[in-house]
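Worksheet: the structure to be examined is printed underneath.
Protein chains in written order, with this note's numbering: chain P, 30 to 274; chain H, 12 to 411.
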């Protein structure tokens, strides 16, 4: 379970997060949406321990991401915003590296890599060096790395960005499967339809805060909109206008 | 809630270390700086060695030295003397100066008309020696010729004194016995002093690409953020990378020392006395003395690679870095100093002095080696702590 309480984070004069709070329960997919600059990536970076909040706290299964970083990291799988690969290492070596950093033994790892290879359709490039990988292949390796240690909590920043329709669909299936296993999944995306399709709850972010939080039908009812895009615009419209000014 | 056991950070250190070594062994830049660049210094010294050996062997071997002479007919006495000195006299080319200039002959001796008449009349006869001071064999030949002519000069003088009944010792208050030690040994011995600065340069060069690739490079590729979400403390990530860069540096210096040894064999100088200064135990000791300085060097590299915003920026600073520590060694080649106690603890300076003593064949005290190691390890620890602190900073991950 992931809990975010009143997070504040500023970069010099820019206030990226301004009291963000939400809770992502186990066995559910929580989608984060919001206009550019709403603080989605900053929130995920604090959750995945690479940034510290100025105040407030984020916990992974009750573990503070700033104070109990290593324990939180052990329970976390992340596809971060920047997801470059090491050009001279093969896809398999990338996943091995992550697994070892998570303390997995090589026998278990080899089995797990085989599983992920067929799950994500990586057989054709698993032993190729990453230099020259397509965007889709890179995303798959990033996903495999995040999932290799079977984490209870999973953070995905734009998980299907750059993937074609069939690959996107298999990622959606995978996310649902992980949810059905009882895992806690938080992802952010700017594809509204994707968010509506796979989220059990949606957190709409605007100006560093949660403008609304609930299931898609709840949000539709709350805003009187007919679709998720309408929800988005009605909840974040002020922010967009302000940014435009 | 049950708290899962934390993973041992050392496992993470090992994993990062192994990954960086394997990854960088595939990078031709890292390999070049660790295995090929270190050869350049020894190769350069090898070329100088063989040039000197060729020059001195040619002048010192048993074959008589060839001396082109013009005007032999003016000085039969001198010619007889020169021939008795085991010189092979040949007629000089018509334009002797030009012939020496273009290297057709090494030297030429011109005996001027009326030489013998002047000698017989108790006056001064003149000869001209033509040589090219920028040509080492020529320089050596002319110095030998001057020595022989000096002998002739003394013989004539002694004869004149004898005729006048004067004791020879009256005009020889001081006898200078020339013991020529300026042989190839000493010239190459002097070149040996170039070895320490070359090693120091290499210490700061060997792991440089790995240090850059694992920090600035990782940030620029966008892999650092993914790495930092793993359950390894930041200092553990840093230490794994640091140790990998250290290994490449050790390899670079070992390759270089090996190359120095091979150069001695290749130039046929390995059997000479001074070559013992680069004996296997001495080379081993040089490597041991160098390791603490490598720890300092890699520390600086990791810090610079962390502070700079881009790979290119890091490359600029780290490319210049090796020149600075090599300066004391270069200065010491031309202006040797006596080591003071405080110097034995200062990184760079202490190693330069100890390596200098080793290549000069001077004894090195274990105390000096220990102090040098302790001083450098202390500084290296500070650098590693500072680098670990940098790894905790968000700007390291995101570059600003």
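By construction, the Cβ of each residue, glycine as well, lies at the ideal position given by its N, Cα and C atoms.
Is residue 56(P) closer than 8 Å to residue 211(P) when the C-beta atoms are compared? In the first chain, residue 211(P) corresponds to position 182, counting from 1. In the first chain, residue 56(P) corresponds to position 27, counting from 1. Yes, they are a contact pair.
Chain P partners of residue 17(H), CB-CB under 7 Å? Sequence index remark: in the second chain, residue 17(H) carries index 6 (1-based). At a beta-carbon threshold of 7 Å, the residues of chain P lying near residue 17(H) are 99 and 100, ordered along the chain.
Is the beta carbon of residue 229(P) closer than 8 Å to that of residue 58(P)? What you label residue 58(P) is simply residue 29 of the first chain in a count that begins at 1. What you label residue 229(P) is simply residue 200 of the first chain in a count that begins at 1. With a cutoff of 8 Å on beta-carbon distance, residue 58(P) and residue 229(P) are scored as near each other.
Output needed in chain order: residues of the region 208-223 of chain H with a Cβ under 7 Å from some Cβ in chain P. Those would be none; no residue qualifies.
Please tell me whether residue 317(H) has its Cβ less than 8 Å away from any Cβ of chain P. Counted from its first residue, the second chain places residue 317(H) at position 306. It does not: the Cβ of residue 317(H) has no partner Cβ on chain P nearer than 8 Å.
Closest Cα partner of residue 30(P) within the set 42(P), 76(P), 63(P) and 38(P): Translated into the one-based positions of the first chain, residue 30(P) becomes position 1. Of 42(P), 76(P), 63(P) and 38(P), the residue nearest in Cα terms is 76(P).
Residue from 139(P), 238(P), 246(P) and 133(P) whose Cα sits closest to the Cα of residue 62(P): The count along the first chain starts at 1 and reaches residue 62(P) at position 33. Minimum Cα distance to residue 62(P) is reached at 238(P).
Determine the closest residue to residue 33(H) out of 171(P), 178(P) and 118(P), with distance taken between C-alpha atoms. Your numbering for residue 33(H) matches position 22 in the second chain. Cα-wise, what sits closest to residue 33(H) is 118(P).
Figure out for me which residue from 329(H), 354(H), 363(H) and 293(H) has the closest Cα to the Cα of residue 339(H). Position 328 of the second chain, counted from the first residue, corresponds to residue 339(H). Looking at the Cα atoms, 363(H) is the closest of the given residues.
Short CB-CB distance (under 8 Å) between residue 12(H) and chain P: If you number the second chain from 1, residue 12(H) lands on position 1. With a pLDDT of 42 at residue 12(H), under the threshold of 50, the predicted position of this residue should be treated as unreliable, though the coordinate-derived value follows. Cβ-Cβ to chain P under 8 Å: yes for residue 12(H).
Chain-ordered chain H contacts of residue 103(P) [CB-CB under 8 Å]: Here residue 103(P) corresponds to residue number 74 of the first chain, with the count starting at 1. Within chain H, the residues near residue 103(P) are 15, 17, 18 and 242.
Say whether chain H places a C-beta atom closer than 8 Å to the C-beta of residue 127(P). Counted from its first residue, the first chain places residue 127(P) at position 98. Yes, residue 127(P) lies at the interface with chain H (some Cβ there is under 8 Å from its Cβ).
Just to confirm my understanding: we take residue 31(H), look at its own chain, exclude 5 residues before and 5 after, and list those with CB closer than 6 Å. What are they? Taking the second chain and counting its residues from 1, one reaches residue 31(H) at position 20. So the qualifying residues of the chain are 225, 252 and 255.
With C-beta atoms as the reference, is residue 217(H) less than 8 Å away from residue 271(H)? As a first step, residue 217(H) is located in the second chain; it is residue number 206 there, counting from the start. As a first step, residue 271(H) is located in the second chain; it is residue number 260 there, counting from the start. Here residue 217(H) is not near residue 271(H), since their CB atoms are 8 Å or more apart.
Nearest candidate by alpha-carbon position, reference residue 237(H), set 72(P), 46(P), 143(P) and 127(P): As a working note, residue 237(H) is residue 226 in the second chain. Relative to residue 237(H), the option among 72(P), 46(P), 143(P) and 127(P) whose CA is nearest is 127(P).
Using CA atoms only, rank isn't needed, just tell me which of 63(H), 325(H), 17(H) and 51(H) is closest to residue 201(H). Position 190 of the second chain, counted from the first residue, corresponds to residue 201(H). Residue 63(H) is the option with its Cα nearest to residue 201(H).
Endpoints, the alpha helix (DSSP H) within which residue 277(H) is located: In the second chain, counting from the first residue as 1, residue 277(H) sits at position 266. Where residue 277(H) is concerned, the enclosing alpha helix (DSSP H) stretches over 245-277.
Strictly under 8 Å for the Cβ-Cβ distance: is residue 82(P) near chain H by that measure? Position 53 of the first chain, counted from the start, is the residue given in the question as residue 82(P). With 8 Å as the cut-off, residue 82(P) does not count as an interface residue toward chain H.
Which residue spans inside the region 292-342 of chain H form an unbroken alpha helix (DSSP H) run of at least 4? Counting whole runs of 4 or more residues, the region 292-342 of chain H contains the alpha helix (DSSP H) stretches 322-331.
Along the chain, where does the alpha helix (DSSP H) that runs through residue 124(P) open and close? For this step, residue 124(P) is matched to residue 95 along the first chain. It spans 120-130 - the alpha helix (DSSP H) in which residue 124(P) sits, taken as one unbroken run.
What separation, rounded to the nearest whole angstrom, lies between the Cα atoms of residue 95(P) and residue 200(P)? On the first chain, residue 95(P) is found 66 positions in, with the first residue counted as 1. On the first chain, residue 200(P) is found 171 positions in, with the first residue counted as 1. In a straight line, the C-alpha of residue 95(P) is about 30 Å away from that of residue 200(P).
Listed in chain order, which residues of the region 145-156 of chain P have Cβ atoms closer than 8 Å to some Cβ of chain H? Residues of the region 145-156 of chain P whose Cβ lies closer than 8 Å to any Cβ of chain H: none.
Assuming contact is defined by CB atoms lying nearer than 8 Å, are residue 109(H) and residue 146(H) in contact in what I supplied? Position 98 of the second chain, counting from 1, holds the residue named residue 109(H). Position 135 of the second chain, counting from 1, holds the residue named residue 146(H). Taking C-beta atoms as the reference points, residue 109(H) and residue 146(H) fail to come closer than 8 Å.
If we cut at 8 Å on Cβ distances, does residue 180(P) have a partner in chain H? For the purposes of this step, residue 180(P) is taken as the residue at position 151 of the first chain. Using a CB distance cut-off of 8 Å, residue 180(P) does not count as an interface residue toward chain H.
With a Cβ-Cβ cutoff of 8 Å, do residue 108(P) and residue 42(P) count as a contact? As a working mapping, residue 108(P) is identified with position 79 in the first chain. As a working mapping, residue 42(P) is identified with position 13 in the first chain. No, Cβ-Cβ distance for residue 108(P) and residue 42(P) is not below 8 Å.
Per DSSP, what kind of secondary structure is residue 121(H) in: helix, strand or coil? As a working note, residue 121(H) is residue 110 in the second chain. Of the three classes helix, strand and coil, the one that applies to residue 121(H) here is strand, per DSSP.
For residue 88(P), is the classification buried or exposed, using 16 other Cβ atoms within 10 angstroms of its Cβ as the cut-off for buried? What you label residue 88(P) is simply residue 59 of the first chain in a count that begins at 1. Result: buried.
Pairwise C-alpha distance: residue 209(H) and residue 165(H): Within the second chain, residue 165(H) is the residue found at index 154, counting from 1. Within the second chain, residue 209(H) is the residue found at index 198, counting from 1. About 48 Å.
Quick check on the DSSP output: the beta strand (DSSP E) that includes residue 79(H) runs from which residue to which? What you label residue 79(H) is simply residue 68 of the second chain in a count that begins at 1. Its beta strand (DSSP E) spans residues 76-81.
What residues from chain H crowd round residue 174(P), counting only those whose CB sits closer than 9 Å? Taking the first residue of the first chain as 1, we reach residue 174(P) at position 145. Residues of chain H passing the Cβ test: 237.
In chain order, what residues of the same chain lie with their CB nearer than 6 Å to the CB of residue 240(P), ignoring the 5 residues before and after it? Locating residue 240(P) in the first chain gives position 211, counting from the first residue. Excluding sequence positions up to five before and after residue 240(P), its CB lies within less than 6 Å of the CB of 233 and 264, all in the same chain and listed in chain order.
Is residue 132(P) close to chain H? Criterion is C-beta to C-beta, closer than 8 Å. Taking the first chain and counting its residues from 1, one reaches residue 132(P) at position 103. With its beta carbon less than 8 Å from one in chain H, residue 132(P) belongs to the interface.
Residue nearest to residue 153(H) in terms of C-alpha spacing, selected from 125(H), 98(H) and 327(H): On the second chain, residue 153(H) is found 142 positions in, with the first residue counted as 1. Residue nearest to residue 153(H) within the set 125(H), 98(H) and 327(H) is 98(H) (criterion: CA-CA distance).
Taking Cβ positions only, does residue 109(P) come closer than 8 Å to chain H? Translated into the one-based positions of the first chain, residue 109(P) becomes position 80. For residue 109(P), the answer is yes, since a Cβ of chain H falls inside 8 Å of its Cβ.
Does residue 408(H) have its Cβ less than 8 Å from a Cβ in chain P? Counting from 1 along the second chain, the entry for residue 408(H) is found at position 397. At least one C-beta of chain P is nearer than 8 Å to the C-beta of residue 408(H).
Cβ neighbours of residue 74(P) in the same chain (closer than 6 Å, five flanking residues each side left out): On the first chain, position 45 is the one that residue 74(P) refers to. So the list reads 80, once near-sequence residues are dropped.
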